[in-house]
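Colleague:
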Amino acid sequence: MPELPEVETTRRGLRAAVEGGRIAEAVVRHRGLRQPVPRGLEQQLAGATVQSLDRRGKYLLFECTRNGHRSGTLIVHLGMSGRLWLVDRDTPPQKHDHFDLAMDHGRVIRLRDPRRFGLVLWQRGPALEHPLLRDIGPEPLTDDFDGAQLHRETRSRSAAIKLAIMDSHLVCGVGNIYANEALFRAGIDPRTPSKRLSKARCDALAREIKAVLGEAINAGGSSLRDYVGSDGMAGNFQNNFLVYGRAGEACTRCGSMIRETKQAQRATCFCPHCQKR
DNA sequence: CCGACAACCTGTGAGC
DNA sequence: TGCTCACAGGTTGTCG
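Start counting at 1 in the first sequence, then tack on 2, and there's your number in our numbering.
In structure tokens form, the structure reads like this:
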């Protein structure tokens with residue numbers, strides 16, 4: 003599930019349950035995520051208050067205070083298979099439920115991540131100065147990202163445009179699905195060398211990235227395969243995919259057959275008629 | 001600096 | 001049924 007819209011949907015779904023709330027207890031059942039869950043995290047979190055739940059790219063940031071002073075930030079990344087949702091206190095944890103944040107009000111924020119590509123970290127200093135966050139590019143939904151920026155950043159890149167927009171240093175939060183979808187909507191062949199894109203086409207692509215991410219957030223994200231948790235966190239944008247997962251089907255715009263290829267070991271789906279180099 | 005590729009890990013579905 | 005293989009929403013690191 004987790005590209006930017008899914009992470010943002012998660013944030014919105016959890017906000018009311020965490021913001022201003024006090025953490026009763028944090029439970030770590032498996033420290034072996036992409037990086038080890040830091041020792042002592044439980045002590046940092048127990049008794050802290052969650053001031054706000056923010057997002058930077060695909061990272062969720064729980065800003066914590068203790069005795070009215072900022073104490074640090076709980077950083078959570080969902081990786082490929084992570085899911086964070088609310089359960090009742092007495093819900094028994096299952097096999098891949100690695101982390102719990104039990105709140106004073108009785109509900110529990112639970113992380114389930116079968117593949118364990120996710121992250122649970124603690125940052126004492128300013129959250130955005132964390133090494134994983136420091137160097138990531140602009141948020142795609144803000145004015146920091148637009149066609150001019152995309153054009154500027156791609157002038158010296160010979161890599162394919164799909165790889166460029168999936169590079170979190172150029173723009174954060176765009177994963178495989180939404181990269182495919184935005185390129186289709188902008189009419190750009192994903193294999194086009196980035197530096198060959200005109201300013202006008204960069205404008206179109208930036209516009210479509212914003213549009214598709216925004217629409218997906220409004221639809222509550224996309225739910226693939228595995229079930230999604232309660233609390234209105236089931237998304238349905240997967241029904242609006244125009245190319246992703248549609249190889250062999252007819253293009254909704256022109257009827258040509260959608261093709262699939264690989265770029266950087268990831269599936270690229272596109273319409274050879276609608277999308278031009 | 002860049003691109004290609006492997007690595008991290010488990011679950012699922014296809015094909016035999 | 002059951003085995004094997006390819007592949008899945010992400011990101012980092014290494015090598016040439």
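In this text, a Cβ means the ideal position worked out from N, Cα and C, and glycines have one as well.
Return helix, strand or coil for Cys204, following the three-state DSSP convention.
Modeller: Helix at Cys204.
Colleague: Using beta-carbon positions only, say whether Val122 and Val78 come within less than 8 Å of one another.
Modeller: For Val122 and Val78, yes; Cβs fall inside 8 Å.
Colleague: Beta-carbon within less than 6 Å of Gly177's beta-carbon, same chain only, minus the 5 sequence neighbours each way: which residues are those?
Modeller: Taken in chain order, the residues that qualify are Glu5.
Colleague: Return the first residue and the last residue of the alpha helix (DSSP H) that Gly189 is part of.
Modeller: Note, Gly189: premise wrong, no alpha helix (DSSP H); not H, not E.
Colleague: Quick one: Cα of Arg96 to Cα of Asp137, how far?
Modeller: What sits at residue 96 in the sequence shown is Gln, not Arg. Taking the straight line joining both Cα atoms gives about 35 Å.
Colleague: Within 10 angstroms of its Cβ, does Thr75 collect 16 or more other Cβ (buried), or is it exposed?
Modeller: So Thr75 counts as buried.
Colleague: Let's see if you can read the secondary structure: which residues bound the alpha helix (DSSP H) around His153?
Modeller: It spans Gly149 to Thr156 - the alpha helix (DSSP H) in which His153 sits, taken as one unbroken run.
Colleague: From this set, Thr93, Arg31, Met105 and Gly34, which residue's C-alpha is nearest Leu283's C-alpha?
Modeller: The displayed coordinates of the chain run from 3 to 279. Any statement about residue 283 would go beyond what the structure contains.
Colleague: Let me know the secondary structure DSSP gives Phe119 once reduced to three states.
Modeller: DSSP places Phe119 in coil when its eight states are reduced to three.
Colleague: Taking Ala184 as the reference, which of Ile219, Phe64 and Leu244 has the closest Cα?
Modeller: It is Leu244.
Colleague: Once the 5 residues before and after His153 are set aside, which same chain residues still bring their CB inside 6 Å of it?
Modeller: Within the same chain, His153 has close Cβ partners Lys201 and Cys204.
Colleague: Can you tell me the Cα-Cα spacing of Gly59 and Pro133, whole angstroms?
Modeller: The alpha-carbon atoms of Gly59 and Pro133 are separated by roughly 14 Å.
Colleague: For Lys278, count neighbouring C-beta atoms within 10 Å of its own C-beta (all shown protein chains included) and say buried if the count is 16 or more, exposed if not.
Modeller: Exposed.
Colleague: Could you tell me the distance, in whole angstroms, from the CA atom of Ala188 to the CA atom of Gly257?
Modeller: Roughly 17 Å between the two C-alpha positions.
Colleague: Closest by CA to Pro38, which one among Ala161, Phe119, Gly149 and Pro192?
Modeller: Out of Ala161, Phe119, Gly149 and Pro192, Phe119 has the C-alpha closest to the C-alpha of Pro38.
Colleague: Rounding to the nearest angstrom, what Cα-Cα distance links Gly247 and Gly42 in this structure?
Modeller: If you take the alpha carbons of Gly247 and Gly42, they lie about 42 Å apart.
Colleague: Let's test the definition: count the other Cβ atoms within 10 Å of the Cβ of Ser196 and tell me whether it reaches 16, buried, or not, exposed.
Modeller: Its Cβ being crowded by 16 or more others within 10 Å, Ser196 is buried.
Colleague: State whether the region 80-98 contacts the region 202-222, with contact taken as three or more CB pairs (one from each stretch) at a distance under 8 Å.
Modeller: As far as the Cβ criterion goes, the region 80-98 does not touch the region 202-222, which means the pair count is below three.
Colleague: Asp102 and Arg114 look like a contact to me (Cβ under 8 Å); what is the Cβ gap, rounded to whole Å?
Modeller: No, Asp102 and Arg114 are not in contact; Cβ-Cβ is about 10 Å, not under 8 Å.
Colleague: So for Ser54, helix, strand or coil by DSSP?
Modeller: Ser54 falls in the strand class under three-state DSSP.
Colleague: Expressed to the nearest angstrom, what Euclidean distance is found between the alpha-carbon atoms of Phe272 and Asp191?
Modeller: Cα-Cα distance, rounded: 7 Å.
Colleague: Take the Cβ of Thr144 as the centre, count every other Cβ of all protein chains shown within 10 Å, and call the residue buried at 16 or more, exposed below.
Modeller: The residue is exposed, with fewer than 16 neighbouring Cβ atoms inside 10 Å.
Colleague: Lys197 by DSSP, collapsed to three states: which one?
Modeller: Helix, per DSSP.
Colleague: To the nearest angstrom, how far is the alpha carbon of Arg198 from that of Arg157?
Modeller: Their Cα atoms are separated by approximately 8 Å.
Colleague: Opposite Ala104 in the DSSP bridges: which residues?
Modeller: Looking at the DSSP assignment, Ala104 forms a beta bridge with Glu27 and Val110.
Colleague: My output table needs one value for Leu62: the three-state DSSP class, helix, strand or coil.
Modeller: Leu62 falls in the strand class under three-state DSSP.
Colleague: Between Ser73 and Gln45, is the Cβ-Cβ spacing less than 8 Å?
Modeller: Cβ distance not < 8 Å, so Ser73 and Gln45 don't count as in contact.
Colleague: Could you compute how far the alpha carbon of Gly23 sits from the alpha carbon of Ala236?
Modeller: The alpha-carbon atoms of Gly23 and Ala236 are separated by roughly 24 Å.
Colleague: In whole angstroms, what separates the C-alpha of Met168 from that of His275?
Modeller: Taking the straight line from one Cα to the other gives about 23 Å.
Colleague: Which residue from His107, Ala26 and Gln53 puts its Cα closest to that of His71?
Modeller: For His71, the nearest C-alpha among the options comes from Gln53.
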